[in-house]
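To start, the structure under review is shown below, and the notes come after it.
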Amino acid sequence: MFGDGEGLETEVKFAVAAAYDKFNEKWGLPTEKLRWVDIWSPCLSRFSVAEINAIAAYIVTEYRRPPVPVEYIELCTRLRDGKALSDPIVSKIERMAYLILANDDFQGASSSEISDACLIAASISSLNSYAELGMKDKQEWIKQELSGRLNMFFEEAKLWQMDAKEGKGYWNGTISE
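Here my numbering is used: the first residue of the sequence shown is 38, the next is one more, and so on.
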């Protein structure tokens, strides 16, 4: 692992391994350490040991779950550029969801109506996605996928709600208690 000749500095791998230890202690990671280091080291190889360590410490104190590589890279980049680490990291789909919820055309609609409209859009989009892949008549797969994704996003929404209660995050002011 540490002398595998992949062109990565040993110090970076040790820093990534230390980050794993911190995250595993707090959240119990489902991945074995050596595998995690092998996956994450190339992602973080352009950052210094100090940057990797600083962001690991930040994540342990500020996050409610372990990061994904994109988040870790974004935080390291922000640290390097002197930008605020506390600014939310927002995906394209989160921005789309926010625009739906904040749309003035829907201000008279109930939360239940907006939820149902989003489920209709999700169902139609899923049918279209499967059709584009040539996977017609796979409705059970679509239902299972939608159900799994709903569960995943609901779990994230609970974390976003906790952040919003603390006045933090992208969804601050959007999620009701």
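Each residue gets a CB set at the ideal place from its N, CA and C atoms; glycine is no exception.
### Query
Do P79 and G206 have their C-beta atoms closer together than 8 Å?
no
### Query
Taking the alpha carbon of I76 as the point to measure from, which residue in R101, K59 and K50 has its own alpha carbon closest?
K50
### Simplified DSSP assignment, three categories, for P104
coil
### Task
Determine the DSSP secondary structure at K173, reduced to helix, strand or coil.
coil
### Any alpha helix (DSSP H) of 4 or more consecutive residues that is wholly inside the segment 81–169
Runs found: 86–99, 106–118, 129–139 and 148–169.
### Query
Looking at C-alpha atoms only, which residue of L81, Y95 and A54 is the closest neighbour of V74?
A54
### Query
When we look at the beta-carbon of C113 and count the other beta-carbons within 10 Å, is it buried (16 or more) or exposed?
buried
#### Entry: Whole-number beta carbon distance between P103 and W64, since they are thought to touch under 8 Å
Between P103 and W64 the Cβ distance is about 5 Å, and since that is below 8 Å, they are a contact.
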